[in-house]
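Chains as they are written, first to last, in numbering that gives the first Met the number 0: chain D, 0 to 383; chain C, 0 to 383; chain F, 0 to 383; chain G, 0 to 383.
Glycine included, each C-beta is placed from N, C-alpha and C at the ideal position.
To keep things clear, I will list the structure first and then write my remarks on it.
Protein chains: 4
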Amino acid sequence: MTEKIRMGMIGGGSGAFIGAVHRTAADITGDIGLVAGAFSSDPDASRSFGVELGLAANRAYGSYDEMFEKEAALPEDERIQCVSIVTPNDSHADASCAALAAGVHVICDKPLAGHLEDALRIEKAVNDSDLIFALTHTYTGYPLVIEARERVAAGEIGEIRRVSVSYLQDWLSRTEDTKASKQAIWRSDPARTGESGAFADIGTHAFNLVEFTTGLRVTEVAAELRTVIPGRAIDDDGSAMFHLANGASGLLSASQVCSGAVNGLRIEIYGDVGSIFWAQEEPNTMTIKRRGEPDQVLRPGTNVGYLSDAAVAVCRTPAGHPEGYIEAFANLYAAFARAVRDYPNHDPAGFVSVTDGVATMRFIRAALNSSRNRSAWTRLNSSD
Amino acid sequence: MTEKIRMGMIGGGSGAFIGAVHRTAADITGDIGLVAGAFSSDPDASRSFGVELGLAANRAYGSYDEMFEKEAALPEDERIQCVSIVTPNDSHADASCAALAAGVHVICDKPLAGHLEDALRIEKAVNDSDLIFALTHTYTGYPLVIEARERVAAGEIGEIRRVSVSYLQDWLSRTEDTKASKQAIWRSDPARTGESGAFADIGTHAFNLVEFTTGLRVTEVAAELRTVIPGRAIDDDGSAMFHLANGASGLLSASQVCSGAVNGLRIEIYGDVGSIFWAQEEPNTMTIKRRGEPDQVLRPGTNVGYLSDAAVAVCRTPAGHPEGYIEAFANLYAAFARAVRDYPNHDPAGFVSVTDGVATMRFIRAALNSSRNRSAWTRLNSSD
Amino acid sequence: MTEKIRMGMIGGGSGAFIGAVHRTAADITGDIGLVAGAFSSDPDASRSFGVELGLAANRAYGSYDEMFEKEAALPEDERIQCVSIVTPNDSHADASCAALAAGVHVICDKPLAGHLEDALRIEKAVNDSDLIFALTHTYTGYPLVIEARERVAAGEIGEIRRVSVSYLQDWLSRTEDTKASKQAIWRSDPARTGESGAFADIGTHAFNLVEFTTGLRVTEVAAELRTVIPGRAIDDDGSAMFHLANGASGLLSASQVCSGAVNGLRIEIYGDVGSIFWAQEEPNTMTIKRRGEPDQVLRPGTNVGYLSDAAVAVCRTPAGHPEGYIEAFANLYAAFARAVRDYPNHDPAGFVSVTDGVATMRFIRAALNSSRNRSAWTRLNSSD
Amino acid sequence: MTEKIRMGMIGGGSGAFIGAVHRTAADITGDIGLVAGAFSSDPDASRSFGVELGLAANRAYGSYDEMFEKEAALPEDERIQCVSIVTPNDSHADASCAALAAGVHVICDKPLAGHLEDALRIEKAVNDSDLIFALTHTYTGYPLVIEARERVAAGEIGEIRRVSVSYLQDWLSRTEDTKASKQAIWRSDPARTGESGAFADIGTHAFNLVEFTTGLRVTEVAAELRTVIPGRAIDDDGSAMFHLANGASGLLSASQVCSGAVNGLRIEIYGDVGSIFWAQEEPNTMTIKRRGEPDQVLRPGTNVGYLSDAAVAVCRTPAGHPEGYIEAFANLYAAFARAVRDYPNHDPAGFVSVTDGVATMRFIRAALNSSRNRSAWTRLNSSD
């Protein structure tokens, strides 16, 4: 048996939702072993949580600086090859740059950073190091999202004319929610979450899903971000019109104050030949509609002949055995692991890249600027 | 048995889709009899079509002017009491004004007119005459659309924060569609359809559905209308952000070039307590979602205890017996007939009014202005 | 304009649910005029209800015997050409035989009769008279049910292997329901409803739907009928295994005591090539599944190219405009009207025939016998 | 960190579908380590596959006898504590008895055995040893299946009157399928699969789901099993009527020859107060219907307040993050692991027990006997 890829983790300490998801996802790949970590800004908490997770005590570090220093001193076939960064947004840049400087590949939770400037800093470090940097935009791990991308690329819905994407939640819909959990606190705090709230947290997922499935960049945006809950210091709701590089129009909404919406990410892509529908809460079906034809409902599965190779490759079970969120997440880790194995001959298109992540941050910046400017159309590549 | 209400029809001659729908809808009410009509701009075609429909030959007129003149000469208990206007948009104003001048109530196909100025002309005529004027925004006739309005009014989803509405079709998605039918021809011709194409044809339905269900006026809009099919003289696709009177945000899209979309009208209304979902293609279910509760799926029926009186009143069969488009349309005619019976003591809120119709035309005008002005936010009540 | 077909009605007096449905259905065809009737066993009630419906006073009769006698005395181009029979089951046979003896075509509510013997009496009268006799198994009027039949006949799902059909309701699920309405009272009374309750009322619909869509006769049945509500004199719930003429297996359930089921008629037909799904409560979609292919979801509409001619012929509106129960019912009347127009050169396959109705009654008899005999397999054509 | 539970595996060698599922499921629990195994009846294949999986070479055994012998010689804190048995049905009994004799807890793939006699042999061994024996009826691991059980137990749908369950597939729908895979071969071979084919393979899942959710035993059955594909030596399709201990009626169908059905397990439970619906292919929703109320749609999630504690306990992510088949399977392993930890003070109701498994085999036997006896009602507890 091949040795597992040796991974460290930064962040994701006790009580963190997404850290646990990342660990399970990595575990399910069967190809990644968590061997080190700096899980908390409190060194003692960090070390004890690492031990609790089963790490060797001497690899449960008090900080990521310590981790990179001490790991570097280990023999090459023992030291970590990569890190997973699952801290709040504000520390993605420092942690990523430290990892890349230490010669370690990075898989990082989304959004890429708290601010565009930090995102650009990461991008530069990735380009300088030529190491692997993957961003976990979860929904790109679903087989049918990959199928959507493949079908669009194959021209099955023709030239894209209109896209509608929304990501609506309700977990911050009340005033008291702002202080109700660790996550809510840092996500509502500009010092931790960065320049945007809901748009950065889930709007970037929606945005990335558009670019991922259509294969087109968003070029400009006319947006309105709002803070619905009084006293909250950051946007919790917003909408945007946007243009794609081919001239298509789109609508995007993202909100964390829409009561009754749980984790409602949904995309519709309309072309001149047909259209595609997918919703995260029922991820095991995708509908293709074409004018004058019956709707087609597709399902994933290792044995499904009508799916693209790329979609089948990320299925785990035959048709009729539903897969969910954790499997999608694990697919991101599997792609990352494959790239680490293949490095430096890996496929750079195999994961959401730092370039894709910078695009999400340019979107946030442009949306914020547009919103401040009475929703004026704003280009994403404009200098700010 | 009471005598049926005597109705004339203007437009809706041979081959017209919507004229036949209006006649069936009126017929289903059991309370309206079609006794006269001017069905075509060609007097001979008009007369022969009227006879074909079973009218007395002397009441199958060559023009609506002739109809109003000759009907006025009939005894009061024989002459028409109302007309249904189902011509292309450009003639709604003249026909309506002629009818009102003749002392005849009007039920008119949407949109109210081809241009805002014509809409305002109708509004003035209605106000001056004090007669009944109802606009057939079909979807307000569905029991569950009425239920949505009642639930919102009762506060069941709380203060509205966000609305999303879309009305997407594909029957004009190809170049050759522009000339493929009578309907397509006039709807693509600014001289007949008026200042807008898709936005006027179906965008007004979407707009009216928002105002009808939320009970709130749209105050301003940032819109982008486009002509996707080369050579078409008018918008066939567009989107808008909008604000409601209470400060809520909304997104609206309307398109007739989205392949795979058939008659896709759908609305989502999010409040601080819950949210409501309804889609025209599955009109017999409405979903209410509230944070932390199971979703509720409502169905119509004369015997459904959990529905509002207003919704039950427009059901025809017990629960489990689906009703559709024609029944919704018939409900508009039934409401109109009731108003005619009760006149002048009718309930002015019992139908979509000329005021509601003017609002749709102000929306069109504001959307067009916004679109020409790089999607700048534009107030609906602005002078133009 | 052609004169409408002149129809009389037997039964369907004040408060009757199904009588009103029949009248609306006939009316929607635009080809049938109700000109006479005997609506109640109480002659005065019958006459006054007829006048209330708008009949000429001298054609609102006190009994159907009176109707047939007096209509026969009218000129041939005035007298009724057909009757609609909407009485409780026990009087279908006498009324039908009287009508046929009077030379009048018959459209009759289901089930064909209260007892098999009565059904056979009707069959003989039909055969002797050679007049038209149509049975209103409503669900055969839905466009997509017709499409299912056409697809099966065209071999699109191959040789049928298994059918599952259920028709579950809850309107008799409580003890107090037995006496709660006119309908409940007669349907729970063996003297009026006949030898079976739920199986006759809705089980026959399910049975007919199987034979209609598969084009195969049911040959034998192993059934269990039960009376769940204490004190009720007749079955209110039951299930059956059955065999089709080609050897396929099937399951049927029918119940009026399943709380939460409203009007839940659903059929699934599995073949060696594919399968078909349709449910009455969402009648505007039908799904076809084939091994290794995406599911196909079909929708009705006058402009839908992928539908069979037979299905398109019964649509009223273009795709995306939902049709429902009343339209399905109207399609039965339209088919009946067409047959009356074409008589004696009508298509005998254009409606549910007396032979089909006798099959439903043989099913009831066989199911009852099987049930009494510990669910022994019982042939439908066995003598009893 | 606590040491993981040390598990061995019997069966599940190269290419086996279900063995891999079991290993992933055990892995996801985070509480079970696979440390030994006998994966194939070919000793060399067994050993090399074990090494491939990452086992220590000296614990990749040539047979399970060897495994039990050599493990017993290891120190108590090193030797296996339990085994997972994932062989074809015919060897469940021998392997289980060997494990229990070795003092090792067992988790075994379904159905319990190939024949009822073997099942009874396992039951005796379990009772004699007093060790833990859990059966992996996968679908009992879904949160909403557990919720269904809890809702029924709490009386939320009242007294159960009718149950409908079906499990239909198409992977054996063609003649050539019988020889198309290892799995197909042994499942079609009475010497390996036992006395039944489709009914044992998936009918037992359907049966167990009924008993699990209703909390009631099936008492008698009237069944018909068939072999649809010529040349196949065992049933591949069948249906049954059944009775529950409270007198309720039920229908069950199971087939592997229904084209278009993929992994279609679905259950409907009707009571006198309401009804419950769940389908495996969309496992993240369950519907509760009550007469006169809106339908309720429930979703799983760690933060869902309206769910029972038992359902929440098996969720992994907050609401809106779909979970699937592997997670359900992992829940069975987690329950098994918990029982192993708590042994001998474990909760015997925490998993599908040998008693439940014997009930499934009595069902198979009774269904076969009934089928041979022209579907006569047959009691499950009858001596055979």
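Task: S382(D) to N126(D) span [Cα, whole Å] - done: Low confidence applies to S382(D): its pLDDT is 47, below 50, so where it sits in the model is not reliable, and the reading given next is rough at best. Within the model, the alpha-carbon separation for S382(D) versus N126(D) is close to 20 Å.
TODO: Kindly list, in the order they appear in chain D, the residues whose Cβ is closer than 8 Å to that of N262(G).
DONE: Ordered by position in chain D, the residues that pass the 8 Å Cβ test against N262(G) are P317, A318, G319 and H320.
Open item on the list: Per DSSP, what are the beta-bridge partners of V217(G) in this structure?
Closed with: L243(G)
- [ ] Hey, could you find the ends of the alpha helix (DSSP H) C96(C) is sitting in?
- [x] H91 to A100
- [ ] Closer than 7 Å, Cβ to Cβ, to anything on chain E: give me those residues from the region 274 to 301 of chain F, in chain order.
- [x] In the structure shown, chain E does not exist; the protein chains are D, C, F and G.
Task: Endpoints, the beta strand (DSSP E) within which R5(D) is located - done: I4 to G10
Open item on the list: Going by DSSP in three states, G36(C) sits in which element: helix, strand or coil?
Closed with: G36(C) sits in a strand when the DSSP states are folded into three classes.
Task: Distance CB(G319(G))-CB(E280(D)) smaller than 8 Å - done: yes
Task: Rounded C-alpha distance that separates T213(C) from R378(D) - done: Looking at the two C-alpha atoms, the distance is approximately 34 Å.
Open item on the list: If you reduce the DSSP assignment to three classes, tell me which class D76(F) lands in.
Closed with: In this structure, D76(F) counts as coil in the three-state DSSP scheme.
Task: Contacts of D26(C) in chain F (Cβ-Cβ under 9 Å) - done: D26, I27 and G29
- [ ] Output the boundary residues of the alpha helix (DSSP H) element that contains L367(F).
- [x] V353 to R371
Task: Nearest candidate by alpha-carbon position, reference A100(F), set P87(F), E68(F) and A253(F) - done: E68(F)
Task: Buried or exposed (CB count within 10 angstroms, at least 16 for buried), G10(D) - done: By the neighbour-count criterion, in which a residue is buried when 16 or more other Cβ atoms sit within 10 angstroms of its Cβ, G10(D) is buried.
Open item on the list: For R22(G) and V351(G), I'd like the C-alpha separation in whole angstroms.
Closed with: 19 Å
TODO: Count the other CB atoms, across all protein chains shown, that sit within 10 Å of the CB of N372(F); report buried if there are 16 or more and exposed otherwise.
DONE: exposed
- [ ] Take P229(D) as the anchor and find which of S187(D), F16(D) and S252(D) has the nearest alpha-carbon.
- [x] S187(D)
- [ ] Using the DSSP secondary-structure output, state which residues sit across from M285(D) in a beta bridge.
- [x] L297(D)
- [ ] Would you please state the rounded distance, in angstroms, between the beta carbons of I4(G) and G32(G)? I believe it to be under 8 Å.
- [x] 7 Å
Open item on the list: Quick check: is the beta carbon of G140(C) nearer than 8 Å to any beta carbon in chain G?
Closed with: no
Open item on the list: Please list, in chain order, the chain D residues whose beta carbon lies closer than 9 Å to that of V256(C).
Closed with: R160, R161, Y269 and D271
Open item on the list: Going by C-alpha to C-alpha distance, which of E158(D), D76(D) and G36(D) sits closest to N57(D)?
Closed with: In terms of Cα proximity to N57(D), the closest of E158(D), D76(D) and G36(D) is G36(D).
TODO: Would you verify that the beta carbon of Y324(D) is, or is not, closer than 8 Å to some beta carbon of chain G?
DONE: Yes, Y324(D) counts as interfacial toward chain G.
- [ ] For A71(G), I'd like the list of residues in its chain whose CB is within less than 7 Å of its CB, leaving aside the five on either flank, ordered along the chain.
- [x] If we look at A71(G) and ignore the five residues flanking it on each side, its Cβ neighbours are R78 and A101.
Task: Complete alpha helix (DSSP H) runs within the region 135 to 218 of chain C (minimum length 4 residues, chain order) - done: Taking only runs of at least 4 residues, the alpha helix (DSSP H) segments lying wholly in the region 135 to 218 of chain C are 142 to 152, 181 to 186, 189 to 192 and 203 to 213.
TODO: Say whether chain D places a C-beta atom closer than 8 Å to the C-beta of G386(F).
DONE: Any question about residue 386(F) goes unanswered here, given that chain F covers just 0 to 383.
Task: Host alpha helix (DSSP H) of G49(C) (start-end) - done: P42 to E51
Open item on the list: What does the Cβ neighbour count give for G304(C), buried or exposed, with the cut at 16 atoms within 10 Å?
Closed with: Per the 10 Å Cβ criterion, exposed.
Open item on the list: The beta strand (DSSP E) that contains R265(F), what's its start and end?
Closed with: In this chain, the beta strand (DSSP E) harbouring R265(F) covers G263 to G270.
Task: Cutoff 8 Å: K3(F) Cβ touching any chain D Cβ - done: It does not; no Cβ of chain D falls within 8 Å.
Task: Cβ-based burial, T135(G) [other Cβ within 10 Å; buried from 16] - done: The Cβ neighbour count for T135(G), taken over all protein chains shown within 10 Å, is at least 16; the residue is labelled buried.
Task: Distance cut-off 7 Å: D108(F) Cβ against heavy atoms of the ligand ADP - done: Looking for the ligand ADP in the displayed structure turns up nothing, as the structure carries no ligands at all.
Task: Local conformation of I84(F) per DSSP, three classes - done: strand
Open item on the list: Can you pull the chain G neighbours of S172(F), defined as C-beta to C-beta under 7 Å?
Closed with: D271 and R290
TODO: Quick one: list the residues of chain D neighbouring R225(C), beta-carbon separation under 8 Å, in chain order.
DONE: S248
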